[in-house]
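Worksheet: the structure to be examined is printed underneath.
Listed below in structure tokens is the structure:
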């Protein structure tokens, strides 16, 4: 079962998203939070496998700061936002699901995220139109996009550690 943390400051949307996620018995929402501190507390207590993170959160915190801090707990993030970031951020998130979304969009997005996290190469003929998947950063230094500044461990490294940790 995939344990999911929802980080969303709109309580009604958080409740709706929880309902849509748990419509599939393979997924369980272990906690919801509305800001950075709540997300970090929830990650410490519940050890989620994935976080669905809005970009604009309560008390001035952002989804970017949440993704950075959850990376310390090896929790991959998937942005869920009304306005996608201007450029891909593979070190912070698997991708971004744009609001508004349908129940089917959520289901297909979670299946894609689970495949990415588990390292499965599956063919999904129809991903949601409002989903952007961030490609992993290329290891070949000659092909890195201009302006890319490497940060701490890449998402790929964090996912590999997560996968290895759950094979025992």
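Numbering (our numbering), first residue to last: 64 to 231.
For each residue, glycine too, the CB sits at the ideal point set by N, CA and C.
Predicted model, so just to flag it, every value in this text is computed and none were measured.
**Report entry** Chain-order list of residues whose beta-carbon lies under 8 Å from that of residue 171 (same chain, five-residue window excluded)
**Finding:** For the purposes of this step, residue 171 is taken as residue 108 along the chain shown, with counting starting at 1. Contacts found: 187, 189, 190, 191 and 194.
**Report entry** Start-end ranges of the beta strand (DSSP E) lying completely within the segment 75–148, minimum 3 residues
**Finding:** 90–96, 113–116 and 140–144
**Report entry** Coil, strand or helix - residue 152 by DSSP
**Finding:** The count along the chain shown starts at 1 and reaches residue 152 at position 89. Looking at residue 152 - three-state DSSP - the assignment turns out to be coil, as it is neither helix nor strand.
Requested in this report: Would you mind sorting residue 95 into buried or exposed? The rule is 16 or more other CB atoms within 10 Å of its CB.
Outcome: Here residue 95 is taken as the residue at index 32 of the chain shown, counted from 1. Burial call: buried.
Query - Where residue 82 falls, given that 16 or more other Cβ within 10 Å makes a residue buried - result: Counted from its first residue, the chain shown places residue 82 at position 19. With fewer than 16 other Cβ atoms within 10 Å, it is exposed.
Query raised in the report: In chain order, what residues of the same chain have a beta carbon less than 6 Å from the beta carbon of residue 109, not counting five sequence neighbours either side?
Result: Start at 1 with the first residue of the chain shown, and residue 109 comes out as number 46. These residues qualify, in order along the chain: 93 and 94.
Query raised in the report: Do you know whose CA, among 158, 144, 165 and 106, lies nearest residue 138's CA?
Result: Here the question's residue 138 lines up with position 75 in the chain shown. Residue 106 is the option with its Cα nearest to residue 138.
Report task. Give the C-beta separation of residue 122 and residue 103 to the nearest angstrom, bearing in mind that I take them to be a contact with Cβ-Cβ under 8 Å. Result -> Counting from 1 along the chain shown, the entry for residue 122 is found at position 59. Counting from 1 along the chain shown, the entry for residue 103 is found at position 40. That pair is no contact at about 13 Å.
Query raised in the report: Does the beta-carbon of residue 205 have 16 or more other beta-carbons within 10 angstroms, so that it is buried, or is it exposed?
Result: Here residue 205 is taken as the residue at index 142 of the chain shown, counted from 1. Confidence in residue 205 is poor, its pLDDT being 43 and thus under 50, which makes the residue's placement too unreliable to answer from.
Query raised in the report: How long is the line joining the alpha carbons of residue 164 and residue 156, rounded to whole angstroms?
Result: As a working note, residue 164 is residue 101 in the chain shown. As a working note, residue 156 is residue 93 in the chain shown. The alpha-carbon atoms of residue 164 and residue 156 are separated by roughly 18 Å.
Query raised in the report: For residue 195, which of helix, strand or coil comes out of DSSP?
Result: Reading the chain shown from its first residue, position 132 is the one you call residue 195. Residue 195 falls in the strand class under three-state DSSP.
**Report entry** Presumed contact (8 Å Cβ cut-off) between residue 126 and residue 117, rounded CB distance
**Finding:** For the purposes of this step, residue 126 is identified with residue 63 of the chain shown, where counting begins at 1. For the purposes of this step, residue 117 is identified with residue 54 of the chain shown, where counting begins at 1. With 8 Å as the limit, residue 126 and residue 117 qualify as a contact, their Cβ atoms being about 6 Å apart.
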